[in-house]
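UniProt numbering numbers the first residue of the sequence shown as 1 and each following residue consecutively.
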Amino acid sequence: MASKKLPTVSCLMMSTIEGRIGSGVPGVDVVDDYLDVYREVDNAVAGKIDIKGNAWVCGRVTSQLYFAEGTNTPLSASTKTLENGDYVTDTESGRYFITTDTKGILRWKTNSISFYPEHGNLHLIIIVNTTTPKEYFVYLREKGISYLVDENERIDFANVLAKLHEDFQITKILLEGGGKINGSFMKAGLIDEIYLLVIPKVLNKTDAPSLFDNDVNTEVALTYYDLLDTKPMARGSVLLHYKKK
Numbered sequence: 001m002a003s004k005k006l007p008t009v010s011c012l013m014m015s016t017i018e019g020r021i022g023s024g025v026p027g028v029d030v031v032d033d034y035l036d037v038y039r040e041v042d043n044a045v046a047g048k049i050d051i052k053g054n055a056w057v058c059g060r061v062t063s064q065l066y067f068a069e070g071t072n073t074p075l076s077a078s079t080k081t082l083e084n085g086d087y088v089t090d091t092e093s094g095r096y097f098i099t100t101d102t103k104g105i106l107r108w109k110t111n112s113i114s115f116y117p118e119h120g121n122l123h124l125i126i127i128v129n130t131t132t133p134k135e136y137f138v139y140l141r142e143k144g145i146s147y148l149v150d151e152n153e154r155i156d157f158a159n160v161l162a163k164l165h166e167d168f169q170i171t172k173i174l175l176e177g178g179g180k181i182n183g184s185f186m187k188a189g190l191i192d193e194i195y196l197l198v199i200p201k202v203l204n205k206t207d208a209p210s211l212f213d214n215d216v217n218t219e220v221a222l223t224y225y226d227l228l229d230t231k232p233m234a235r236g237s238v239l240l241h242y243k244k245k
């Protein structure tokens, strides 16, 4: 049986010199004063607004911090009968924002967000699983928000990528953290290339989030990448471009 086709995955991140992407302290920013440089990188990788098939992926915590309207607003109990499985809408938009939310925490103003204005509106796709509350499925449908249901307690991202390619014709994923979702993609061997913007700072804090934070205890399994390019950027930062061997 032929393997399912997957989108290519480019991980775009910025970090301190020792690979920290945040302080681990609420309200204390580490990398945000380089967002303008990071945006330049993001735009270069994403390409023009008329390029279809691109999707941006962030974890639930990152989405909560930057994109969602709120969290945990009580949802009304529902007696609606829902069809099992995925809910797919707006397959014609061509550009998407994807996040995980298996507990049904995030609330959204509309069924799309604007990551950067130059990317246009990105249709929302929420990754849930069979433990997600039914009321959240109803909420997403009422908002016109697409969702994909994974059958596993820990999301099988290879299966999710196959669905994204088949159902939404997504051919390129821009994976932009946080560390846990990056770590899950890395553990599954799904990251084809890495664009890392290193900023000239050292945090020196062991419990701060890092680029790849796999929270599953496993044996050491190194993933090797080739360095394709090193590019000096503004204010002492450096862009490193790696491709998986």
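Backbone N, C-alpha and C fix where the C-beta goes; we use that ideal spot for every residue, glycine too.
Please read these numbers as outputs of a predicted model, since none were measured by experiment.
- Counting along the chain, Asn72 sits inside no beta strand (DSSP E), nor does DSSP assign it H or E at all.
- Within 10 angstroms of the beta-carbon of Leu124 lie 16 or more other beta-carbons, which makes it buried.
- A straight-line Cα-Cα distance of about 10 Å links Asn111 and Asp90.
- Counting along the chain, the unbroken alpha helix (DSSP H) around Thr62 starts and ends at 60 to 66.
- Note on geometry: alpha-carbon atoms of Leu106 and Tyr96 lie some 17 Å from one another.
- C-alpha of Asp33 to C-alpha of Thr230: approximately 21 Å in a straight line.
- For Val9, the enclosing beta strand (DSSP E) begins and ends at 8 to 15.
- Nearest Cα to His241 within the set Asp226, Met233, Ala234, Leu203: Asp226.
- Collapsing the DSSP output to three states places Ile181 in a helix.
- Counting other Cβ atoms within 10 Å of its Cβ, Val25 stays below 16 and is therefore classed as exposed.
- The beta carbons of Val9 and Ile181 sit no closer together than 8 Å.
- Restricting attention to Phe137, Phe67, Asn204, the CA atom closest to the CA of Ile113 is found in Phe67.
- Gln64 is positioned such that its CB atom lies no closer than 8 Å to that of Thr73.
- The region 119 to 134 makes contact with the region 151 to 159; the number of CB pairs closer than 8 Å reaches 3 or more.
- Counted as a single uninterrupted DSSP element, the stretch harbouring Asn111 is not any alpha helix (DSSP H), since DSSP gives it neither H nor E.
- Residue environment analysis places Ala44 among the exposed positions, since fewer than 16 neighbouring C-beta atoms fall within 10 angstroms of its C-beta.
- In chain order, Thr16, Ile17, Glu18 place their CB closer than 7 Å to the CB of Val202, counting only its own chain and leaving out the 5 sequence neighbours on each side.
- Under a 10 Å Cβ-count criterion, Lys163 is classified as buried, with 16 or more other Cβ atoms of the shown protein chains found around its own Cβ.
- In the assembly as shown, Arg60 is a buried residue. Its beta-carbon has 16 or more other beta-carbons within 10 Å.
- In the three-state reduction of the DSSP assignment, Asp229 falls in the strand class.
- When DSSP reads this structure, Thr100 sits in a beta bridge with Ile127.
- For Leu175, no alpha helix (DSSP H) segment is defined; the enclosing uninterrupted segment is the beta strand (DSSP E) at 172 to 175.
- Here Pro200 is exposed: its Cβ has fewer than 16 other Cβ atoms, across all protein chains shown, within 10 Å.
- DSSP places Lys244 within a strand segment (E or B) once states are collapsed to three.
- Secondary structure of Leu239 (DSSP, three-state): strand.
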